[in-house]
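Numbering (our numbering), first residue to last: 38 to 213.
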């Protein structure tokens, strides 16, 4: 059945308008990180964490946490900024596979939302968005792009999360 000419134009106009509105909406990203190490918990603004990663200056909100968790600032900076090279399209495709789902579950033990609903989807969104900017991915970028107001980070599991992302890099290289 053919749609009347005026209805097609109205439908097309609505679709274009919807697309413009969606593109104009701000992207929701994490504003705060809840760092966890055993029983220790420390909330920090993503901007403070980013500034620390760039400058090495430990914010006062992190000093006591690092001391109690016995973490050296340089070690934490490296964990935040170490990158893996990943093509965003290939990464997205791989993360939608059963293997990618397993990786998301493992990385999701280190980085997750406070509600833990749809964590796989949120984590995949953060990882792909991070890789889409420059073809590289770091833990800090994933935190910055996490699509909830607060993201939880299990400090003791960050190294394993990085290993999982490195394995993804190798799998993607092997496929191309």
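Even for Gly, the Cβ is constructed at its ideal location relative to N, Cα and C.
Asked	Found
List the whole-angstrom C-beta distance separating residue 164 from residue 132, where the pair is believed to meet the contact cut-off of C-beta under 8 angstroms.	7 angstroms
On the DSSP bridge assignment, give the partners of residue 83 in chain order.	BP columns for residue 83 are empty, so no partner.
Looking at the structure shown, is residue 174 part of a helix, part of a strand, or coil, going by DSSP?	strand
Here's the rule: buried if 16 or more other CB atoms are within 10 angstroms of the residue's CB, otherwise exposed. What is residue 62?	Low per-residue confidence applies at residue 62: pLDDT is 34, beneath 50, and the placement is therefore not dependable enough to give any value.
Pull the bridge partners of residue 72 from the DSSP assignment, please.	79, 190
Just checking, does the stretch 189-204 make contact with the stretch 131-149 on the three C-beta pairs under 8 angstroms criterion?	yes
Leaving out five residues before and five after residue 209 in sequence, what residues of the same chain have Cβ atoms less than 7 angstroms from its Cβ?	123, 124, 127, 128, 131
Where do the ends of the alpha helix (DSSP H) carrying residue 95 lie?	That residue, residue 95, is in no alpha helix (DSSP H); it is neither H nor E in DSSP.
Per DSSP, residue 122 forms a beta bridge with which residues?	173
Kindly identify the DSSP beta-bridge partner or partners of residue 149.	189
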